[in-house]
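Asks: When we follow my numbering, the leftmost residue of the sequence shown carries the number 3, and every step to the right adds one.
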Amino acid sequence: MTDKTDLVGLPLADLEALFASWGEKRFRAKQVHKWLHERGATSFDAMTDLPKALRERLEQEATLTGLAVAREQTSRDGTVKRLYRLADGQLVETVLMPYKDGRRTACISSQAGCAMGCVFCATGQMGFKRHLTAAEIFGQVWRAHAEWRPRGERLSHVVLMAMGEALHNYRPVLEAVRRL
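#1: Count the C-beta pairs between the segment 136 to 146 and the segment 95 to 104 that are closer than 8 Å, then say yes if the count reaches three, no if not.
#2: If we require 3 or more residues per run, which beta strand (DSSP E) segments fall completely within the segment 86 to 157?
#3: Measuring CB to CB, does ALA117 end up less than 9 Å from LEU93?
#4: Is the segment 151 to 161 close to the segment 123 to 133, with three or more CB pairs under 8 Å?
#5: So, does the segment 23 to 33 touch the segment 45 to 62, judging by three or more C-beta pairs under 8 Å?
#6: What number of angstroms, rounded off, separates the C-alpha of VAL34 from the C-alpha of PRO152?
#7: Alpha carbon to alpha carbon, how far is HIS133 from ALA178?
#8: How far does the alpha helix (DSSP H) with ALA31 in it reach, from first residue to last?
#9: Pairing CB atoms from the segment 11 to 22 with CB atoms from the segment 44 to 52, are three or more of them under 8 Å?
#10: Is LEU69 closer than 9 Å to GLY141 when the C-beta atoms are compared?
#11: What number of angstroms, rounded off, separates the C-alpha of ARG28 from the C-alpha of PRO13?
#12: Out of VAL175, SER112, GLY129, point me to the one whose CA is closest to GLY166's CA.
#13: Could you tell me if PHE115 is buried or exposed, where buried requires 16 or more neighbouring beta carbons within 10 angstroms of its beta carbon?
#14: Could you tell me the distance, in whole angstroms, from the CA atom of ARG30 to the CA atom of VAL161?
#15: Go ahead and pull the three-state DSSP assignment for ARG57.
Here's what the structure looks like:
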């Protein structure tokens with residue numbers, strides 16, 4: 003498990019509090035927030051208006067999503083099924099679906115595993131592991147957006163139909179949706 007702070011999942015107020023605890027000016031947090039959510043930065047080095055010392059500190063103490071790609075499959079139609087390893091080792095799925103009419107849908111997980119136990123569902127058969135945090139849920143959407151943005155494509159839809167029952171993890175799901 004990593005002790006780095008996931009900046010992607012932090013609301014601006016929490017990002018400002020983190021930067022204040024580091025002795026940084028409040029506007030630096032706003033710069034980082036803008037890089038992450040408006041400019042599409044996927045690395046600290048890309049944040050060129052930040053001082054080098056701050057970028058180095060960010061590299062040491064923070065991360066841009068705790069989602070590491072464990073496995074990926076791409077179908078002929080461009081659909082990408084991605085298995086992410088979370089910071090604690092749990093695995094969750096995200097599916098990125100491009101459509102010919104220009105829609106781009108991310109099918110995201112709200113839990114690692116599922117407690118429902120549906121006999122027709124592989125996730126249900128694996129059992130419930132844990133609820134995802136709002137940052138982990140939001141991070142899946144952020145990663146999809148970051149992947150499509152450089153190609154001039156835009157994420158148009160998000161569905162909570164991958165792993166887990168979203169309403170069983172209501173508060174973190176609602177918090178993640180509010181950040182969208």
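Where is the CB? At the ideal position from N, CA and C, for every residue including glycine. These numbers come from a predicted model, not from an experiment.
Replies: Result, derived from the coordinates:
#1: yes
#2: 93 to 100, 106 to 109, 113 to 115, 130 to 133
#3: no
#4: no
#5: yes
#6: 19 Å
#7: 13 Å
#8: 28 to 39
#9: no
#10: yes
#11: 14 Å
#12: SER112
#13: First, the amino acid is wrong: residue 115 is Gly here, not Phe. Answer is buried; the Cβ neighbour count reaches 16.
#14: 33 Å
#15: helix
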